[in-house]
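Q: After the structure tokens below, expect a handful of questions from me.
There are 4 protein chains.
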Amino acid sequence: MSSQKAWAVIAGVGSGTGASVARRFAKHYAVALLARNPDNYEPIAKEINAAGGKAIGISTDASDSKSVKAAFEQLEKEFGGAPLAAAIYNVGGKFIRKPFLELTEDEFESGWTANGRGAFLFSREVLPLMLKNTDAEYPPTLIFTSATAAMKGSALCSSFATGKFAMRALAQSLAREFGPKGIHVNHAIIDGVIDIERTANWKFDHPEAKIKPEAIADAYWYLHTQPRTCFTNEIDIRPAVEKW
Amino acid sequence: MSSQKAWAVIAGVGSGTGASVARRFAKHYAVALLARNPDNYEPIAKEINAAGGKAIGISTDASDSKSVKAAFEQLEKEFGGAPLAAAIYNVGGKFIRKPFLELTEDEFESGWTANGRGAFLFSREVLPLMLKNTDAEYPPTLIFTSATAAMKGSALCSSFATGKFAMRALAQSLAREFGPKGIHVNHAIIDGVIDIERTANWKFDHPEAKIKPEAIADAYWYLHTQPRTCFTNEIDIRPAVEKW
Amino acid sequence: MSSQKAWAVIAGVGSGTGASVARRFAKHYAVALLARNPDNYEPIAKEINAAGGKAIGISTDASDSKSVKAAFEQLEKEFGGAPLAAAIYNVGGKFIRKPFLELTEDEFESGWTANGRGAFLFSREVLPLMLKNTDAEYPPTLIFTSATAAMKGSALCSSFATGKFAMRALAQSLAREFGPKGIHVNHAIIDGVIDIERTANWKFDHPEAKIKPEAIADAYWYLHTQPRTCFTNEIDIRPAVEKW
Amino acid sequence: MSSQKAWAVIAGVGSGTGASVARRFAKHYAVALLARNPDNYEPIAKEINAAGGKAIGISTDASDSKSVKAAFEQLEKEFGGAPLAAAIYNVGGKFIRKPFLELTEDEFESGWTANGRGAFLFSREVLPLMLKNTDAEYPPTLIFTSATAAMKGSALCSSFATGKFAMRALAQSLAREFGPKGIHVNHAIIDGVIDIERTANWKFDHPEAKIKPEAIADAYWYLHTQPRTCFTNEIDIRPAVEKW
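Here it is, written out as structure tokens:
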């Protein structure tokens, strides 16, 4: 089975960044698409398979260790000894903006659950597989989709910010531990609104005020192709017109 | 009861920073000392009461919402309408240093539990009380004892670093929301080994390589006395000889 | 002459922070006040001397090596072997805000001249004197008055921001070299408008939107009193209502 | 002349990064190579011209306004109305590592001269040209080659660090002013030793401890191709095995 095509796994696949990343990486690899709701990955999986690529979707709760474990057991069967080339953790959780004293414990925790615990559960599945593939042309790559909230704890955003700060800490720690072992870990700060269905009605003065998800996917692909002497461990991505 | 002496509450009181902070703030305020194990707060509570101050200890699990709620209900009875002048969250949790792939889920989560969830539970109890006391001579002050790990995710330290990054995010978010309401929130980066019983045998070349907990307490007291036009929201504290 | 009272030197003394710092440190030390224009230091020098303190003013161009050298030669004569306890570099230069392509070379350079070169010239005079005084009760302290522009290069502010970023780099480098030798170096980020004559007409919605210079002086004095096991190398100071 | 091929200009061309960047951008554009010493740009200019590309070298002192102005007047004649696609400022100056109190004023200033003033002089020449070319397929791109010293002021490195901090401030300020006008400005933190002639004898335990300049050139080219909705304003580049 070692002759199987290498694969990539993307957790958090909807109609936006996840789908674009899946499409981009599917040009080179089989892709596994994880999302809680099959409605989120089925359209893009069909599209990729119809276009001659290979895509598998698995319903997964990224913050539940059993669900994540089960997903990777299924992927193991599906892909066997095929090398894991890339893993993108694109789960963001719900963005909650409300006065601190109105947050329930569950609401506060949700930032951590999606961005901290989920990132941990995903990382501990993909890293052992990647360690077997460090001789690949492109070093195995683990990318975390993050946000401005990883750099600044804004008022009313403590849930999301604690989660994204934690994600950044995890990405740094993994980059320092697994970089020398040949794995490329990157924390990608997406600083701006992404141009997706959900934001289609968000109006801005400037026609290019939203980030194209295809451009994020190109950035992730570029990161994946960086050689071992030239890793980028943190990248920021924002529209030219963004205030920052 | 409004004529009662103002009080301060310190969560995470052992023989080190917490005890020194308690001693320092007890010169001006009644102090409530929270720790899971009464052995940790009893000696310093006795010492303060014997010296003519007022200290109350309550056994509390800082990461459990019921336990925290119960502690503050008890404090409400104890202090009634007396103003809350300062709150120091000094719970750090266990520092775990081990290869990422050897971490259990519980070990990984423990950083968050102590530094993220616990800080949230504490903050939502103290902030409403502080909001009633913004006319005090010294603005009510909420300080989080943090660490270098809040600034850098080192290899093998993902549990602690994710927790401390999250704590920093929370502190920033609260400072931005509650500063304009008259509450002073500070994130204190303690960058170095503290000179306490547990570290007594840690040998360094330099006689002043460890931070004196009394000096940290003085720093916290200074922060507490800053007027509303001059808040410090982040402070770093390290020995002169520390590498950083 | 070694029995002479210790002294402090403040470069950049006008009616605001510099004067308040001078007043604060003059309670404990003789103070040397440097400014280009004697009009700037004379009132505060007179005030201090009239109140029983000791203050000397010297007209100095902080960005000119000969002028700085001459000032310290004069101070050497004045204070002889008396120990130098503290040095505050409070020169900020002109804040220029204009489109980049309209900046003259001189305008662009002025940020560096005041905040980079001037800080260098001052530091190389005071550090050798401080190295002779590391046994003092309070470690000799070198503080650089800086600004938000040290942390963020805003549009239209390249001159000031390059200067303040450079000042921060210098402060960090000196802290790391001279901390282990017993000298406390601090970079103070003053994030907000200071309440001085020049800003008296700047209106804000909130009555406490401006930083009181006396409070900055208190912060600097607190920093000066920190013991060798507990140095703060960077402090931020802002009004409670400031957006950041 | 407007039908002329677009061009790129690279300041600081030697045998390392500058030459690799020139080679990479010469695949798409005519390239102008600036260096003080013609020996530095002549070999790569010859190589590019021999391979069918177009390269022009001009002897330029990047920190001297007259020299920089003269160079761009000559380039104006050479390229006429041809669009300027990219500009890379790759001048680093001498890295000086010595005790602060042994630095001469000139040594200290040299960090600023190369990284601050030189970057200013270059920017004010290229930005007006780029503003005429914002309709190009790839947004005109201005990249500053920077270093770890832009993020941390290490002991004994105050000259280099003040210069690189200043360069970062300038890059941020320009990105915020010119991004909305369609120009992509990037600050590239090269964190590690580059694999060039001068470092050929620097031995490391790991065979991939040095950054390949070709990989830096690929990174710069990727940055140049980013669309306006997806600019990266700061990138870090380091070997997988680098400690950071």
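So the protein sequences, as listed, match chains A, B, C and D.
Residues 1 to 244 (my numbering) make up the first sequence, in order.
Residues 1 to 244 (my numbering) make up the second sequence, in order.
Residues 1 to 244 (my numbering) make up the third sequence, in order.
Residues 1 to 244 (my numbering) make up the fourth sequence, in order.
Every residue, glycine too, gets a C-beta built ideally from N, C-alpha and C.
DSSP on A/L156, reduced to helix/strand/coil?
A: For the purposes of this step, residue 156 of chain A is identified with residue 156 of the first sequence, where counting begins at 1. Three-state DSSP puts A/L156 in coil, outside helix and strand.
Q: Listing by chain order, which chain A residues have their CB less than 9 Å from the CB of D/F231?
A: Reading the fourth sequence from its first residue, position 231 is the one you call residue 231 of chain D. Here the neighbours are D236, I237, R238, P239, A240, E242.
Q: Using only CA atoms, which one of D/L33, D/F120, D/V21 lies nearest to D/D64?
A: Translated into positions along the fourth sequence, residue 64 of chain D becomes position 64. Per the Cα distances, D/F120.
Q: Quick one: which unbroken alpha helix (DSSP H) runs of 4-plus residues sit fully inside the region 100-171 of chain B? Chain order, please.
A: 105-112, 118-131, all fully within the region 100-171 of chain B.
Q: Which residue's Cα is closest to the Cα of C/Q226: B/A215, B/R228, B/H224?
A: Here residue 226 of chain C corresponds to residue number 226 of the third sequence, with the count starting at 1. Here the closest residue by C-alpha is B/A215.
Q: Name the residue from C/Y41, C/L174, C/A161, C/N133 whose alpha carbon lies nearest to the alpha carbon of C/I143.
A: As a first step, residue 143 of chain C must be located in the third sequence, where it is residue number 143. When only C-alpha atoms are compared, the closest one is C/L174.
Q: Which residues in the same chain as D/V9 place their Cβ atom closer than 6 Å to its Cβ, once the five residues preceding and following it in sequence are excluded?
A: Residue numbering aside, residue 9 of chain D sits at position 9 when the fourth sequence is read from its first letter. So the list reads A32, A87, once near-sequence residues are dropped.
Q: What beta strand (DSSP E) runs, 3 residues minimum, are completely inside the region 49-85 of chain B?
A: As far as the region 49-85 of chain B is concerned, its whole beta strand (DSSP E) runs of at least 3 residues are 55-59.
Q: Which chain B residues sit within Cβ distance under 7 Å of A/R117?
A: The residue labelled residue 117 of chain A in the question sits at position 117 within the first sequence. Within chain B, the residues near A/R117 are E109.
Q: Does any C-beta atom of chain C lie closer than 8 Å to the C-beta of D/A161?
A: Here the question's residue 161 of chain D lines up with position 161 in the fourth sequence. Taking Cβ atoms only, chain C reaches closer than 8 Å to D/A161, which makes this a yes.
Q: How would you call C/K243, buried or exposed, if buried means at least 16 neighbouring beta carbons within 10 angstroms?
A: Translated into positions along the third sequence, residue 243 of chain C becomes position 243. The residue is exposed, with fewer than 16 neighbouring Cβ atoms inside 10 Å.
Q: Just how far apart, CA to CA, sit B/M1 and B/E78?
A: Taking the second sequence and counting its residues from 1, the one referred to as residue 1 of chain B is at position 1. Taking the second sequence and counting its residues from 1, the one referred to as residue 78 of chain B is at position 78. With a pLDDT of 36 at B/M1, under the threshold of 50, the predicted position of this residue should be treated as unreliable, though the coordinate-derived value follows. Rounded to whole angstroms, B/M1 to B/E78 spans 10 Å at the Cα level.
Q: Given this structure, state the Cα-to-Cα distance separating D/A147 from D/A188, to the nearest angstrom.
A: As a working mapping, residue 147 of chain D is identified with position 147 in the fourth sequence. As a working mapping, residue 188 of chain D is identified with position 188 in the fourth sequence. Cα-Cα distance, rounded: 7 Å.
Q: In whole angstroms, what is the alpha-carbon distance linking B/I58 and B/N90?
A: Counting from one through the second sequence, the residue named residue 58 of chain B turns up at place 58. Counting from one through the second sequence, the residue named residue 90 of chain B turns up at place 90. Distance between the alpha carbons of B/I58 and B/N90: 15 Å.
Q: What separation, rounded to the nearest whole angstrom, lies between the Cα atoms of C/D195 and D/L131?
A: For the purposes of this step, residue 195 of chain C is identified with residue 195 of the third sequence, where counting begins at 1. For the purposes of this step, residue 131 of chain D is identified with residue 131 of the fourth sequence, where counting begins at 1. The straight-line gap from Cα to Cα measures roughly 40 Å.
Q: Would you tell me roughly how many angstroms separate the C-alpha atoms of B/A70 and B/T60, rounded to the nearest one?
A: Indexing the second sequence from 1 puts residue 70 of chain B at position 70. Indexing the second sequence from 1 puts residue 60 of chain B at position 60. Answer to the nearest angstrom: the Cα atoms are 8 Å apart.
Q: Look up A/Y29 in the DSSP assignment and say whether it is helix, strand or coil.
A: If you number the first sequence from 1, residue 29 of chain A lands on position 29. In this structure, A/Y29 counts as coil in the three-state DSSP scheme.
Q: Less than 8 Å separating the beta-carbons of C/G153 and D/Q172?
A: Here residue 153 of chain C corresponds to residue number 153 of the third sequence, with the count starting at 1. Here residue 172 of chain D corresponds to residue number 172 of the fourth sequence, with the count starting at 1. Yes, Cβ-Cβ distance for C/G153 and D/Q172 is below 8 Å.
Q: Leaving out five residues before and five after B/L261 in sequence, what residues of the same chain have Cβ atoms less than 8 Å from its Cβ?
A: Because chain B in this structure spans residues 1 to 244, residue 261 of chain B falls outside the shown range and cannot be described.
Q: Just reading off the alpha helix (DSSP H) that B/I183 is part of, what are its end residues?
A: Against the second sequence, residue 183 of chain B aligns to sequence position 183. No alpha helix (DSSP H) contains B/I183, which DSSP labels as neither H nor E.
Q: At a CB distance below 9 Å, what residues from the region 42-63 of chain D approach chain A? Give them in sequence order.
A: Answer in chain order: no residues at all.
Q: Confirm, please, whether the CB-CB distance from D/A22 to D/I48 is below 8 Å.
A: Taking the first residue of the fourth sequence as 1, we reach residue 48 of chain D at position 48. Taking the first residue of the fourth sequence as 1, we reach residue 22 of chain D at position 22. Yes.
Q: Mind checking which residues open and close the alpha helix (DSSP H) that includes D/I216?
A: Residue numbering aside, residue 216 of chain D sits at position 216 when the fourth sequence is read from its first letter. Residues 213-225.
Q: Starting from B/V9, follow the beta strand (DSSP E) in both directions and report where the run begins and ends.
A: Along the second sequence, one-based indexing puts residue 9 of chain B at 9. Start and end: 7-11.
Q: So B/A19 packs on B/I44, CB below 8 Å; how close in whole Å?
A: What you label residue 19 of chain B is simply residue 19 of the second sequence in a count that begins at 1. What you label residue 44 of chain B is simply residue 44 of the second sequence in a count that begins at 1. 4 Å between Cβ atoms; contact.
Q: For a contact defined as C-beta to C-beta under 7 Å, what are the partners of C/Y222 on chain B?
A: Counted from its first residue, the third sequence places residue 222 of chain C at position 222. Chain B residues near C/Y222: Y222.
Q: For the beta strand (DSSP E) holding A/D236, just list the boundary residues, first then last.
A: Taking the first sequence and counting its residues from 1, the one referred to as residue 236 of chain A is at position 236. Here the beta strand (DSSP E) through A/D236 covers 234-237.
Q: Out of C/G12, C/S110, C/K46, which has the shortest C-alpha to C-alpha gap to C/V68?
A: Looking up residue 68 of chain C in the third sequence gives position 68. Closest by alpha carbon: C/G12.
Q: Report the three-state DSSP secondary structure of A/F231 (helix, strand or coil).
A: Along the first sequence, one-based indexing puts residue 231 of chain A at 231. Residue state, collapsed to three classes: strand.
Q: Does any residue of chain C bring its CB to less than 8 Å from the CB of B/R24?
A: In the second sequence, the residue the question calls residue 24 of chain B occupies position 24. Closer than 8 Å: no.
Q: For a contact defined as C-beta to C-beta under 8 Å, what are the partners of D/P215 on chain A?
A: In the fourth sequence, residue 215 of chain D corresponds to position 215, counting from 1. Here residue 215 of chain D turns out to be Ala, not Pro, going by the sequence shown. Result: Q226, P227, T229, C230.
Q: According to the neighbour-count rule (16 or more other Cβ atoms, all chains shown, within 10 Å of its Cβ), is C/W7 buried or exposed?
A: Here residue 7 of chain C refers to the residue found at position 7 when the third sequence is read from its first residue. Classification of C/W7: buried, given that the 10 Å Cβ count is 16 or more.
Q: Say the cut is 7 Å; is the CB of B/V21 nearer than that to a heavy atom of the ligand NAP?
A: By its list of ligands, the structure shown contains no ligand whatsoever, and the ligand NAP lies outside what it can speak to.
Q: Look up B/I44 in the DSSP assignment and say whether it is helix, strand or coil.
A: As a first step, residue 44 of chain B is located in the second sequence; it is residue number 44 there, counting from the start. Reduced to three states, the DSSP call for B/I44 is helix.
Q: Can you tell me which of the three DSSP states A/A19 falls into?
A: The residue given as residue 19 of chain A occupies position 19 in the first sequence. Residue state, collapsed to three classes: helix.
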